[in-house]
Amino acid sequence: MNATCSRCGESHAVATYPSINVAADPDLKARVRDGSLFVWECPHCGARNLLKYQTLYHDPSEKLMVWLLPGDAEPPQAVADAVRQLDGYTLRLVREVGDLVEKVNIHACGLDDVLVEMCKYVTRLEMADQQKRPEIQDAPLKFFKMDGPDNDLVFSFPLDGEMKVVNVGFHVYEDARGILGRHPDVRPEPGFARVDAAWLGQYFR
Numbered sequence: 187m188n189a190t191c192s193r194c195g196e197s198h199a200v201a202t203y204p205s206i207n208v209a210a211d212p213d214l215k216a217r218v219r220d221g222s223l224f225v226w227e228c229p230h231c232g233a234r235n236l237l238k239y240q241t242l243y244h245d246p247s248e249k250l251m252v253w254l255l256p257g258d259a260e261p262p263q264a265v266a267d268a269v270r271q272l273d274g275y276t277l278r279l280v281r282e283v284g285d286l287v288e289k290v291n292i293h294a295c296g297l298d299d300v301l302v303e304m305c306k307y308v309t310r311l312e313m314a315d316q317q318k319r320p321e322i323q324d325a326p327l328k329f330f331k332m333d334g335p336d337n338d339l340v341f342s343f344p345l346d347g348e349m350k351v352v353n354v355g356f357h358v359y360e361d362a363r364g365i366l367g368r369h370p371d372v373r374p375e376p377g378f379a380r381v382d383a384a385w386l387g388q389y390f391r
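In the numbering used here, the protein residues as written are 187 to 391.
(1) In terms of alpha-carbon separation, which member of L339, D324 and M313 lies closest to D299?
(2) Given a cut-off of 8 Å on the beta-carbon distance, is the pair Y389 and V372 in contact?
(3) Using a threshold of 8 Å, state whether the C-beta atoms of T190 and Y239 are closer than that.
(4) Three or more beta-carbon pairs under 8 Å between the segment 284–302 and the segment 256–264, yes or no?
(5) State yes or no: is the C-beta of F341 within less than 8 Å of the C-beta of K306?
(6) Which runs of the alpha helix (DSSP H), 4 residues or longer, sit entirely within the segment 250–314?
(7) Relative to the C-alpha of H293, which candidate in S247, D315, Q271 and L345 has its C-alpha closest?
(8) Does DSSP classify H357 as helix, strand or coil?
(9) Could you have a look at P335 and say whether DSSP puts it in helix, strand or coil?
(10) Measuring CA to CA, which of F356, I322, G195 and D245 is closest to S205?
(11) Between V290 and L254, is the Cβ-Cβ spacing less than 8 Å?
(12) Quick check: what's the CA-CA separation for V218 versus K328?
(13) From the DSSP output, in three-state form, read off F224 for me.
(14) Looking at the secondary structure, which residues open and close the beta strand (DSSP E) in which D211 lies?
(15) Going by the CB atoms, is the gap between V225 and L237 shorter than 8 Å?
This is how it looks when you write it as structure tokens:
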């Protein structure tokens, strides 16, 4: 596809991946996890630009498919119906590159993205209360990695023009598992489902 540089306005042909099967090309998984697969450097001015396009990420070993569909497009019904029959698969729909990266990182760490969204919800509320800043309740936390001997969950988020990082103890994840066990209805619909803060807001307000 042709992409236009955000700095100099020059247009260049760049490589894209309409489908990403990491079983066929394992190197692609690392490039998705660090986001580099969606960044191109302008040969004219050297600026790094983010690519935005549709792609279907597939990791057979983790039984994970994530469909990146920018905008408000939906997966073709015939494809969605066929994929829904795959046994034991997690199927997710995301709109932004950062959301795809996050989903892949969550599952690579052996975590459940529903529980991670619950952890984000609790973390935002606690930070907003502790710092007396209600706007943090709407901060777009992103799972980054697990860290330390106790497997803390590390989230990043923008605040005051900077990227901040917060570590959350794994006990919060376990607490979320307990809550989900008592409320099994908090589960996404079959097929390619959106699991994000807006979705969780149906159940937690």
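The C-beta atom is built at its ideal place from N, Cα and C for all residues, glycine as well.
According to the data block:
(1) L339
(2) yes
(3) no
(4) no
(5) Against a cut-off of 8 Å, the Cβ pair of K306 and F341 comes out as a contact.
(6) 263–270 and 283–294
(7) S247
(8) helix
(9) In the structure shown, P335 sits in coil (DSSP, three-state: anything other than H, G, I, E or B).
(10) D245
(11) no
(12) The straight-line gap from Cα to Cα measures roughly 15 Å.
(13) Helix.
(14) Careful: D211 lies outside any beta strand (DSSP E) and carries neither H nor E.
(15) yes
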